[in-house]
Ligand code: ATP
Ligand code: MG
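Numbering (the UniProt record's numbering), first residue to last: 1 to 770.
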């Protein structure tokens with residue numbers, strides 16, 4: 001049997017071998033918390049203090065649980081299968097499966113993911129004739145989950161006004177509906193487990209006696225219900241309950257928005273009369289410059305429990321900082337750097353690309369795909385697989401080929417337009433009878449169903465007709481609007497991310513058209529500019545002319561068809577096969593607990609990271625800073641940070657200043673890869689960068705002056721001038737700072753001050769001179 005303890009420093013050793021009392025290990029990133037927790041499990045078992053069945057360990061992700069089990073089986077000659085190691089949700093599921101009768105659940109109860117949950121709520125609201133304008137399903141879902149996370153059933157929620165009373169009523173109804181269908185949502189898994197143990201004395205006692213040791217990783221991100229559940233499981237020492245060994249880092253508390261309560265750390269110390277509080281300050285993960293950056297940054301937060309990190313690893317390389325001109329260029333730079341890292345022998349899976357917001361991944365994914373580099377996206381679907389994107393794609397597919405039945409079914413009643421399951425069944429029968437597609441069977445339908453289905457067909461036809469002369473990106477934009485997908489998600493409380501993804505589709509189309517060389521303004525439906533060259537033109541078996549040089553470009557496709565095939569290929573092919581060495585893409589949130597040789601932190605721009613939503617919340621920027629601390633501390637040897645002068649997000653070009661976090665990093669640890677040129681010259685706010693304010697203002701004025709004189713001299717045929725003041729119904733007053741494109745197709749960049757910088761199509765946007 002190997003010596004488990006020889007690879008530990010004195011503090012770690014002390015933590016691993018603490019007596020069987022509750023303890024808190026408070027320590028910074030990479031100091032070995034997870035290692036200590038795993039080693040303690042092994043040590044407790046090896047020394048005979050507890051059997052594997054007497055252990056319960058809570059991890060933050062399923063992946064972390066798997067890793068812990070693997071490590072344990074390499075340390076000990078035991079079968080780890082069946083050990084209670086997993087996430088709160090996983091362990092609660094197990095508890096409820098075991099005691100389904102006591103928990104009043106059917107044996108085969110099913111778990112609803114949040115999408116299923118939402119659709120159930122929608123169905124329920126509809127059946128109950130509830131005005132979903134007044135009580136949007138998303139709000140209700142949020143209300144219910146929030147109550148459950150606090151351990152509250154409907155009857156226990158205090159309602160202060162009629163709206164809230166109705167919400168409570170609907171919560172009750174929702175629970176009944178779930179019960180009838182035999183389904184539980186995520187929050188219910190925890191609440192039901194809590195109630196089971198709270199009400200059932202013998203069962204509670206059984207588990208309290210069984211789990212002598214409860215170990216919790218990432219304790220700073222537990223919510224109140226989880227904490228109460230732990231309290232129940234551990235019991236009071238008088239009852240002879242087990243000991244809780246909690247490890248955490250208050251500086252890495254990043255889930256407050258989901259109800260996590262970092263205060264649980266102090267509550268734990270108090271409630272469990274924790275005498276053993278151990279701090280670990282030696283970091284084993286990162287080189288010096290990386291660690292210095294993390295320490296400097298987090299020192300800007302107040303209300304910390306206080307601890308620091310040091311390393312023996314030496315300073316290592318400086319953090320490389322790159323300023324890109326655009327998000328496309330940023331992605332390109334990442335590709336180049338990654339290639340050189342791989343050239344140095346780094347495995348792809350040792351390279352992580354982190355971003356603050358999921359919508360950033362598309363451009364990076366695209367660049368990786370184009371470069372033929374395998375990658376995996378964590379904690380989120382790949383761009384073209386996301387539901388809202390698939391919906392938009394389905395509309396485009398129908399316009400390209402209305403007989404695509406699965407596209408039809410996906411969107412015929414999405415967003416809802418009163419086409420029920422019955423109507424679809426009848427339509428299906430008609431299609432079968434006449435042997436045609438669903439779309440083609442619509443004229444056979446009569447009555448109300450016939451009318452609604454007919455309207456859907458009209459919608460598709462007219463969208464097709466209207467967009468016939470448009471270039472692909474414009475076409476996508478029109479379809480997003482005509483399909484009412486944008487409206488639909490705009491009404492959702494948490495639809496912002498989806499809208500962002502949908503609007504990214506316009507960018508995707510723009511980029512696609514440019515890269516594939518489809519001429520600007522080429523109608524998306526019709527044949528493209530690139531007609532077959534003499535000698536290349538051949539006929540396929542249907543007699544249609546195809547362009548076949550090496551079969552790489554199999555047909556002369558319209559930009560739309562080409563884009564659709566690109567979407568499905570990109571969605572299917574580049575996905576890394578299981579076990580394949582692939583680069584790792586993920587949000588900073590989902591990088592928690594992980595480590596990589598090389599890490600890219602991208603999009604370090606004001607408004608993006610720190611995220612603009614943080615400005616609205618108390619201590620929002622502190623939480624963003626913790627998030628940045630998590631990001632930095634993922635890196636072992638090499639860390640890159642990048643920001644861009646302009647970025648397409650939310651369907652608009654944004655010009656941001658570099659993140660304030662750069663000012664909070666030690667200058668000597670940074671290596672600027674790009675010349676330190678002025679960025680966001682128009683950002684209508686005080687400079688928060690290291691740049692001299694005066695220089696900033698001068699630069700701004702000069703650049704504006706230069707642009708104005710250039711543009712006014714050139715003239716652009718749009719009828720508008722750079723420098724002109726305008727008013728827009730939604731964005732207010734602004735100044736035109738740039739105009740691209742010629743007459744008829746001109747787009748203006750307008751600085752609307754408070755509303756920010758917008759790019760508007762001058763032929764569409766309703767602007768007034770002021
Ligand atoms: P995080 O806060 O990011 O979750 P952590 O505190 O859980 O970090 P670990 O992941 O346990 O840290 O450890 C970080 C790295 O340091 C791991 O690669 C681990 O194997 C290594 N490590 C930890 N302790 C030691 C040690 N005493 N000697 C050598 N390596 C160690
Ligand atoms: Mg850890």
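Glycine included, every Cβ here is placed at the ideal spot set by N, Cα and C.
Query, Result
"From which residue to which residue does the alpha helix (DSSP H) around residue 627 run?", "620–632"
"Using the C-alpha atoms, what's the distance from residue 171 back to residue 394?", "34 Å"
"With C-beta atoms as the reference, is residue 595 less than 8 Å away from residue 638?", "no"
"Across the stretch 196–208 and the stretch 101–110, are there enough close Cβ pairs to call them in contact, namely three or more that are closer than 8 Å?", "yes"
"Let me know the beta strand (DSSP E) ranges lying completely inside the stretch 62–138, each 3 residues or longer, listed in chain order.", "84–86"
"Need the endpoints of the alpha helix (DSSP H) that residue 293 sits in, please.", "288–298"
"Who are the near neighbours of residue 621 in its chain, counting only those whose CB is closer than 6 Å to its CB and skipping five residues on each side?", "610 and 614"
"Once the 5 residues before and after residue 354 are set aside, which same chain residues still bring their CB inside 6 Å of it?", "588, 591, 601 and 631"
"May I ask which residues mark the beginning and end of the beta strand (DSSP E) holding residue 248?", "243–248"
"May I have a chain-ordered list of the beta strand (DSSP E) segments no shorter than 3 residues that lie completely inside the stretch 8–49?", "23–27"
"Cα-Cα, which of 22, 253, 334 and 60 is closest to residue 211?", "22"
"With distance defined between alpha-carbon atoms, name the residue in 28, 87, 98 and 647 nearest to residue 207.", "98"
"Would you check whether ligand 2 has a heavy atom nearer than 7 Å to the C-beta of residue 39?", "no"
"Report yes if the C-beta of residue 8 is less than 7 Å from at least one heavy atom of ligand 1; otherwise report no.", "yes"
"When you compare only the Cα positions, how much space is there between residue 406 and residue 12?", "57 Å"
"Here's the rule: buried if 16 or more other CB atoms are within 10 angstroms of the residue's CB, otherwise exposed. What is residue 402?", "buried"
"Between the alpha carbons of residue 96 and residue 231, how many angstroms are there, rounded?", "18 Å"
"Looking at residue 272: is its Cβ nearer than 8 Å to the Cβ of residue 244?", "yes"
"Could you tell me whether the stretch 441–456 touches the stretch 467–474, using the rule of 3 or more Cβ pairs below 8 Å?", "no"
"Please list the terminal residues of the continuous alpha helix (DSSP H) segment that includes residue 333.", "327–343"
"At the level of alpha carbons, what is the spacing between residue 300 and residue 629?", "11 Å"
"So for residue 213, helix, strand or coil by DSSP?", "strand"
"Once the 5 residues before and after residue 16 are set aside, which same chain residues still bring their CB inside 7 Å of it?", "5, 8, 36, 39, 40 and 43"
"Tell me the DSSP bridge mates of residue 641?", "321 and 601"
"Within the present structure, is the beta-carbon of residue 595 separated from the nearest heavy atom of ligand 1 by less than 7 Å?", "yes"
"Can you tell me whether residue 277 is buried or exposed, with buried defined as 16 or more other CB within 10 angstroms of its CB?", "exposed"
"Have a look at residue 766 and residue 456 and give me their C-alpha separation to the nearest angstrom.", "29 Å"
"Where residue 293 and residue 627 are concerned, what is the direct C-alpha to C-alpha distance, given to the nearest angstrom?", "13 Å"
"Using CA coordinates, which residue listed in 464, 498, 502 and 493 is at the minimum distance from residue 480?", "502"
"Determine the extent of the alpha helix (DSSP H) in which residue 506 is found, giving its start and end residues.", "496–516"
"Decide if residue 387 is buried, meaning its Cβ has at least 16 other Cβ atoms within 10 Å, or exposed.", "exposed"
"Does the stretch 330–338 come within contact of the stretch 504–518, defined as at least 3 CB pairs closer than 8 Å?", "no"
"To which residues does DSSP link residue 260 through a beta bridge?", "223"
"Does the stretch 338–349 come close enough to the stretch 652–661 to have 3 or more Cβ pairs within less than 8 Å?", "no"
"Name the one or two DSSP bridge partners that residue 646 has.", "326 and 655"
"Taking the alpha carbon of residue 746 as the point to measure from, which residue in 175, 52, 666 and 764 has its own alpha carbon closest?", "764"
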